[in-house]
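Heads up: the sequence shown begins at 20 in our numbering, then just goes up one per residue. Structure first, then comments.
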Amino acid sequence: FAINLRSGDDVTFHLNPRFTSNQVVRNHRAGEWGIEETSGAMPLSRDTSFEAAIECKDSAFK
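Below is the structure:
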């Protein structure tokens, strides 16, 4: 699955957990895709529910 926060045609925040490679991809698209960020541990497990909270700051998401 993927979570995409959009503004018009742009994707201001893209979150894509990839269980096959055990990583979470983060990215954005402003006309074209940026460089994928994949640092950090995989915090999710298959068949386990989770909650996502996204905080919108003036210049970043947390």
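Even glycine gets a Cβ: it sits at the ideal position worked out from N, Cα and C.
Go to residue i, then tell me how far its beta strand (DSSP E) extends in each direction, as first and last residue.
{"i": "LEU34", "result": "29–37"}
{"i": "ASN41", "result": "Premise fails: ASN41 is in no beta strand (DSSP E) and is neither H nor E."}
Beta-carbon within less than 8 Å of residue i's beta-carbon, same chain only, minus the 5 sequence neighbours each way: which residues are those?
{"i": "HIS47", "result": "ASP29, VAL30, THR31, PHE32, HIS33 and GLY53"}
{"i": "GLU74", "result": "PHE80 and LYS81"}
Pull up the DSSP beta-bridge partners for residue i, would you.
{"i": "PHE20", "result": "According to DSSP, PHE20 bridges with nothing at all."}
{"i": "ARG48", "result": "VAL30 and TRP52"}
{"i": "PHE80", "result": "CYS75"}
Can you tell which of the options has the C-alpha that lies nearest to the C-alpha of residue i?
{"i": "ASN23", "options": "SER40, THR39 and VAL44", "result": "VAL44"}
{"i": "GLN42", "options": "ALA79, SER78, PHE20 and GLU70", "result": "PHE20"}
{"i": "SER40", "options": "ALA49, GLU51, LEU63 and ARG25", "result": "LEU63"}
{"i": "GLY59", "options": "PRO36, LYS76 and ARG25", "result": "PRO36"}
{"i": "ALA49", "options": "GLY27, SER78 and ALA72", "result": "GLY27"}
Within the same chain, show all residues whose beta-carbon is closer than 7 Å to that of residue i, passing over the 5 residues directly before and after it, in chain order.
{"i": "THR65", "result": "The sequence shown places Arg at residue 65, not Thr. The answer, listed in chain order, is PHE38."}
Using a threshold of 6 Å, is the CB atom of residue i nearer than that to any non-hydrogen atom of the ligand PLP?
{"i": "ALA49", "result": "Here there are no bound small molecules, and the ligand PLP is not part of this structure."}
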